[in-house]
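Inspection log for the structure reproduced underneath, given as structure tokens.
Residue numbers (our numbering), protein chains in the order written: chain A, 81 to 689; chain B, 81 to 689.
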């Protein structure tokens, strides 16, 4: 059964307790958002997720979107839910107040995104894509375009899309063929076909604003000849309301593995009027701006799916009676014990739990950097935030979506045969979650972005924004760890010293791998490519280990100091310990794989496959 | 696109070249099956798979099975395909000639199963379940029942099912409620409901023979009070043809994640006449007989899906043009290079390839043991075969289905966004393959079977059937490896010495883990439970490493001796090297996880989840 209750306590832990000395805090511009206000917003968001979006998740999967006579109908209830969502101001949560946004911190915004994705991933794409599109418009469009489009898009009255992919090119956008012809009035006419356009057409908003990559007549070949255009579905009239159709039509909607309530469209542009966003031929820059924003959000989709899968699995593991506990009967009045007593079921639940808490902690860290980049008055802090975001964006996108998908699969496994039946709701998490490893750049592309762009950029400066705090933390706590064992009362016997040692060891493997890749990759880029996916995983595991070690330290001190929330902090310690026991060891496998190099990977001739 | 060509060369390698000195060979009773005859059978099987079954795989997924007025209709073409299959003698391939079977070796039978599963997993269940049911009848039923049912079932005129699960019990069969009442004529009347019955009802055969677990009136509680009954859908008339209905009805068919062309039924038995198979209250023994046969076959399903996914991914990786090779343009006449040039795509393809070749090599080994158990005249060999099969059955079931599912997911990843669209055919492999990790005992249950039953059984004798040849092989080749490096001509730079060293190290970790589990598990069974899944994976990785090291040795010698098939053996060496470089390192992670014990896994109170 799909159950979901927003993990508010853990979200508050990440926002208010963790990462407090990461150097990204104390931002004057955000001081109005007091902890009480933040918590109130999160509670309201939880209500929307639980009460409005969750009930439409399975019905949306069953009904799907339908294309009839060129019009896409979203599943029953989606329009009403979107209206509630929009009217509640949720579309505008993190947007600039200049355009009608509420300017809330990214920490709050990303936690809200997590809730929306947990409760209804398909729904999340409609406001989500709009947010990506507004980012590009804010950053690159003319004032005139901003005035005309941003208020309507920020409010959610109009939605947005990102039209990149064409049938013959997705990853390699240099090959795209959609063309834009200059008009006398400074506008352009666009013609071409785009595929895989999320929210490309639907019945939720009165207008849809497409951001379209296309070539100008004089464009250089490849990615250096791509420009970005704003193309509305309906051309706005002088009063700003939607006017005549603009030659954008839906050729088809895709029949997908999942995410069925999200309309994935094939769009044809036929002499559609558009306006340039940014500089001619420099569209990739604006595209990457919106893409990077989206990539972090797609990572959060993975976390959202992982959390929903975890909760649904826990529900079943407590409810389903099969077998007896190996340590003695636990439910003597029933015919069997709930399956949560079995170690292998625990293994699956704890794995999901560790993944989710780890990803959420990392989300909090990256969100604080996003806020610091935007609002900090200290240029040094802003730079460090920018470096950190650049480095972590591919890690968050790929790691979170991989782990979220694994969690979805573990949830099915906890349900056993019942999990394979649609009625259980959990196989939907697998089908929905699968796409997050692919879109906005496959996870393989994320890994290449990390080793090929993010590591060498700025002479390796990006890396320092991450390595520096980790090594500082290890140094600061090595001595301390020696003498302050975790409190005895904790049944899990979590020990801080071995955690720091394990973190140090994994961090050492990461440093060594970085050097290896830099050295080998310089001579032979295929060596960097061969190491990329394992390197990204290794970095993610270390980042998560760092977050868990910090969490354990906070929990230890809280418990030692006498807290009323003994249960919460003990569970935090146990989950951290589980992470170090059972998840971090993956770092060794990744390290060995990186070390082995490209030889056996690249040896076979293509014909031999 | 779903493409499939049976990997006949590798199958011949496994049957005729690998494992030749495993002590399971030279079986007189199978001497009529010469290599030429075996190869001819495999070639015919390939034709059936490629030409008859593959074309129905996607249409079957789209159409699914339909229940109308109590009758289940399989998708278009299935009936005709089944008739061809049956008339070709494929249902009877490995069955005893006494009942009309062809008595072919299991090596041939399992390779044929792989082909059927690659081309159409849904289809495979109809003959597959029948085969499981005949195993139980052959082993436990009265001569009268055998005479009446086996010829029709072996020929495939009638099909069979295994009716175990009820809504409230799957893993914990002790709770089942279906009851059998004794009749004066020695038969029984059964009443109850069963769920998840594969091929429970369909239009492919004129009768369906259900093997049903139920309780007699005087049955002790739990699993010690379960008996097995044969319950035909239609009661045979005196002339052996199907007569009147027997009170078996379909309440529903399940809407599943995949495997949509296989009818998964909820069956009601209403005073249905049945006959006891085996001894009263000893039904679990017969059930396990058929279950164990099925478990190896389900493992082969995982391999089948993995191979189909691999081939479909290779097809796309050679066809799809995106980006340029990092080592220089490879396809200068085209707008981009095929994506098979990219290291991360290679990583995925080589991973699938190594999984498939490794699983196929293990399948060959286990199949040889199955043949030896059945036909060897040497009681010592038979015993060793029985021990080995007992040990490897849970490993084959869980490991192969895990890896096959991973391959299916990698295939989707190779396709990128196109893989998420139903049209590509590859997301079907994910949806179809997911169930194999669950049915016939979840993979967690397999792991518990391994550590809880198979390790301690016969004072650990099962283990010797595996450990002994592996340690002998290491000893025999350590010195040799030192002085005979792989031939220089092999680009992959595969070196035999490091392979043997890596095998020795992983085998050491397995031995140490075995001792740890035996020791800790004796005091606390939850410790064994907490280690089970990682231990199974570790054992599987070592078994596969052993197979790859042997394969590499054979390939090395063939290449050194001058073979016409240089390409095949070089590729074998490269794949072996890739396995040692990139897959076997998982053993370290599994070892560390086992070592960490149950503490952090079991510490949280159920209420804290």
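Every residue, glycine too, gets a C-beta built ideally from N, C-alpha and C.
Chain A within 9 Å of residue 335/B, Cβ atoms only: yes
Close Cβ partners of residue 314/B (< 7 Å) along its chain, the five nearest in sequence each way excluded: 287, 322, 323, 324, 325, 326
Contacting residues, own chain, Cβ-Cβ under 8 Å from residue 175/A (five flanking each side not counted): 181, 182, 183, 211, 214, 234
Where the alpha helix (DSSP H) containing residue 233/B begins and where it ends: 223-235
Cβ neighbour criterion (16 or more within 10 Å) applied to residue 481/B: buried
DSSP-derived helix/strand/coil call for residue 242/B: strand
Close-in-space but distant-in-sequence residues of the same chain around residue 584/A (CB under 8 Å, 5 per side omitted): 554, 558
Rounded separation between residue 488/B and residue 526/A - CA only: 21 Å
Close beta carbons around residue 569/B, own chain, < 6 Å, minus the five adjacent residues each side: A caution first: residue 569/B carries a pLDDT of 45, below 50, which makes its placement in the model unreliable, though a value can still be read off. Counting only Cβ-Cβ distances below 6 Å, and skipping sequence neighbours, we find nothing.
Outcome for residue 307/B when other beta-carbon atoms lying within 10 angstroms are tallied against a minimum of 16: buried
Interfacial residues, the stretch 414-433 of chain A to chain B, with Cβ spacing under 9 Å: 415, 416, 418, 419, 420, 421, 422, 423, 424, 425, 426, 427, 428, 429, 430, 433
Partner residues on chain A for residue 406/B, Cβ-Cβ distance less than 7 Å: 605, 606, 609
7 Å Cβ cut-off: residues of chain A touching residue 255/B: 415, 416
Three-state secondary structure (DSSP) of residue 315/A: strand
Closest Cα partner of residue 393/B within the set 172/B, 380/B, 426/B: 426/B
Proximity test, Cβ basis, 9 Å: residue 381/B and chain A: no
Buried versus exposed call for residue 497/A [16 or more other C-beta atoms within 10 Å across all chains shown]: buried
Outcome for residue 193/B when other beta-carbon atoms lying within 10 angstroms are tallied against a minimum of 16: buried
Chain B within 9 Å of residue 474/A, Cβ atoms only: no
is_contact[residue 249/A, chain B] using C-beta, thresh 9 Å: yes
Residues that residue 348/A bridges to, as DSSP identifies them: 273/A, 329/A
Residue burial classification, residue 139/B (beta-carbon count within 10 angstroms, cutoff 16): exposed
Extent of the continuous beta strand (DSSP E) to which residue 291/A belongs: 287-294
CB contact below 9 Å: residue 597/B versus chain A: no
Whole-angstrom distance between residue 443/B and residue 190/B, CA atom to CA atom: 7 Å
Per-residue DSSP class, three states only, for residue 159/B: helix
Host beta strand (DSSP E) of residue 473/B (start-end): It is not in any beta strand (DSSP E) - residue 473/B instead sits in the alpha helix (DSSP H) that spans 459-495.
Residue-chain proximity (residue 668/A, chain B), Cβ-Cβ < 9 Å: yes
Inter-residue CB distance, residue 238/B and residue 187/B (contact presumed, cutoff 8 Å): Their Cβ separation, rounded to whole angstroms, is 27 Å, which puts residue 238/B and residue 187/B out of contact at 8 Å.
Which listed residue (634/B, 623/B, 376/B, 610/B) has its alpha carbon closest to that of residue 676/B: 610/B
CA-to-CA distance, residue 429/B to residue 662/B, given in whole angstroms: 12 Å
Residue burial classification, residue 539/B (beta-carbon count within 10 angstroms, cutoff 16): exposed
Same chain, Cβ closer than 6 Å to residue 247/A, five either side skipped, listed in chain order: 275
Closest by C-alpha distance to residue 518/A, when choosing among 245/A, 207/A, 178/A, 159/A: 245/A
Where residue 135/A falls: helix, strand or coil (DSSP): helix
Distance CB(residue 484/A)-CB(residue 346/A) smaller than 9 Å: no
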